[in-house]
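What follows is one structure encoded as structure tokens, with my remarks underneath.
Residue numbers (the numbering used here): 1 to 342.
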């Protein structure tokens, strides 16, 4: 299954953002509804970078490690706005009316003509000053747009753009070797050698007594329900490991140990996972426990040199489009630093 099939592009996200802003300003949607829909406007580029829009300004930011950096997306084409209709100049109309209704004809060089010319000069000077200022301002804005990483002299980036995407929480292992973004409601966490869903053994236990697979984390909405497989749970268990990368292939890691759902779920067909700089395998398990809403995804993905591998399971009850988008966002925001794995 292609877990990027619901992907939107930058222009579609721009268009949706404009409409959401209009609805928010008209108070036809609440702040909470705006934030919930804004988090669905993330876009992934060809290099695997995740992009999100600032809540306040709509400017694009990409995920740079653990922070968001303002920039212009590659090949970005901003929304085209229809040209504004020209508005007749009231002064022009007034002058035309004066010419049409004047009972006398003035000739070049006459006293009346000279007086009119002297009256026009101050206006022309003023118009020239305004036009020059407008051109300079436009040029300044264009230059600023062409330097996306220039420092913002007005202060730091908007708060929502300097952290995780709206509606998500950044979870990082103490070693700084593993981090991810999870839905804010997945607020029960374990950092360390944690167990998988339904009490299945952790990867360290799978390797054998005294072994350590590497830094691992669990984030769920209800830890008790996650461990026991009861209705309503959602969450992720993930490990970044050098030893698993050396001993097992990606195809094996999506079906072994904590990722073995064969006793309760129907396995799909393994698919290639390609999210630069990571590539690997991903497998969807359906109808877990005979419940069509209960499913799981198992993942094994490694950087090109396969110095380490990220092994994950995302399981639970995913019923709505928002649930699916949350699961996709988690897949998009998993990262590891192999050099920091002990």
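Yeah, the Cβ is synthetic: ideal placement off N, Cα and C, and Gly gets one too.
No experiment lies behind these values; they were computed from the predicted model shown.
Requested in this report: Give the straight-line distance between the Cα atoms of residue 304 and residue 47, rounded to the nearest whole angstrom.
Outcome: 14 Å
Requested in this report: Taking the CB atoms as reference points, tell me whether residue 335 and residue 183 lie closer together than 7 Å.
Outcome: no
Report task. Mark residue 332 as exposed unless 16 or more other C-beta atoms lie within 10 angstroms of its C-beta, in which case mark it buried. Result -> Answer is buried; the Cβ neighbour count reaches 16.
Query raised in the report: How about residue 245: is its Cβ closer than 6 Å to a heavy atom in the ligand NAD?
Result: Inclusion of the ligand NAD in the displayed structure is not the case, the ligand content being empty and no account of it being possible.
Query raised in the report: Looking at C-alpha atoms only, which residue of 72, 62, 38, 63 is the closest neighbour of residue 56?
Result: 38
Query - Option nearest residue 272 by Cα separation, candidates 192, 328, 72, 299 - result: Per the Cα distances, 299.
Query raised in the report: For the alpha helix (DSSP H) that contains residue 245, what are its first and last residues?
Result: Here the alpha helix (DSSP H) through residue 245 covers 243-247.
Query raised in the report: Smallest Cα separation from residue 22: which of 190, 208, 58, 316?
Result: 58
Report task. Could you give the DSSP three-state label for residue 18: helix, strand or coil? Result -> helix
Requested in this report: Have a look at residue 284 and residue 294 and give me their C-alpha separation to the nearest angstrom.
Outcome: 11 Å
**Report entry** residue 252 in three-state terms, based on DSSP
**Finding:** Residue state, collapsed to three classes: helix.
Requested in this report: For the alpha helix (DSSP H) containing residue 203, list its first residue and its last residue.
Outcome: Its alpha helix (DSSP H) spans residues 203-207.
Query raised in the report: In chain order, what residues of the same chain have a beta carbon less than 8 Å from the beta carbon of residue 160, not counting five sequence neighbours either side?
Result: Low per-residue confidence applies at residue 160: pLDDT is 46, beneath 50, and the placement is therefore not dependable enough to give any value.
Query raised in the report: Beta-carbon separation of residue 213 and residue 244 under 7 Å?
Result: yes
Query raised in the report: Where does residue 55 fall in DSSP's three states?
Result: coil
Query - Segments assigned beta strand (DSSP E), at least 3 residues, entirely inside the region 307-334 - result: 309-317
**Report entry** residue 310 and residue 219 closer than 7 Å at C-beta
**Finding:** No. Outside cutoff.
Query - Identity of the residues DSSP links to residue 271 by a beta bridge - result: 282
Query - Alpha carbon of residue 19 to alpha carbon of residue 189, nearest angstrom - result: 36 Å
Requested in this report: Measuring alpha carbon to alpha carbon, tell me which of 250, 266, 306 ends up nearest residue 291.
Outcome: 266
**Report entry** Three-state secondary structure (DSSP) of residue 60
**Finding:** DSSP places residue 60 in the strand class (E or B) of the three-state scheme.
Query raised in the report: Does the distance from the C-beta atom of residue 246 to that of residue 316 stay below 7 Å?
Result: no
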